[in-house]
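Heads up, the sequence shown is in this note's numbering, so the first residue is 9 and it goes up one at a time.
Below is one structure; the comments refer to it alone.
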Amino acid sequence: MKLTCVLIIAVLFLTACQLATAKTYSKGRQKHRALRSTDKNIKLTRRCTPDDGACAEPVQCCSTFCNPVTNMCIDWLGIGLSRSVL
């Protein structure tokens, strides 16, 4: 009888500990897998500025060059290749 009570209390204690730790680890995470996959897709897509658009750094331009004088994206190769092709 004492052993049964000890086992029941131990199981309840371990279950409570497991639920408490599972709750703290899941904070800030989304519950639905579909939402998680769309968040990853949004983070992976990179928006860039087309030719003749304003820029401050070369990485912002879809083309290969940001003119530091005019702060405009230009295709310095003159053949219309974007970064994804290069």
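Yeah, the Cβ is synthetic: ideal placement off N, Cα and C, and Gly gets one too.
For Cys25, the three-state secondary structure derived from DSSP is helix.
In this structure, the CA atom of Leu11 is about 10 Å from the CA atom of Ala18. Apart from sequence neighbours up to five positions away, the residues of its chain that approach Cys69 with a beta-carbon distance below 7 Å are Cys56, Thr57, Cys63, Cys81, ordered along the chain. DSSP, reduced to helix, strand and coil, places Cys56 outside both helices and strands of the structure shown, so it counts as coil.
Judged by DSSP secondary structure, Met80 falls within the beta strand (DSSP E) whose first and last residues are 80-82. Look at Cys13 here: in three-state DSSP terms it is helix.
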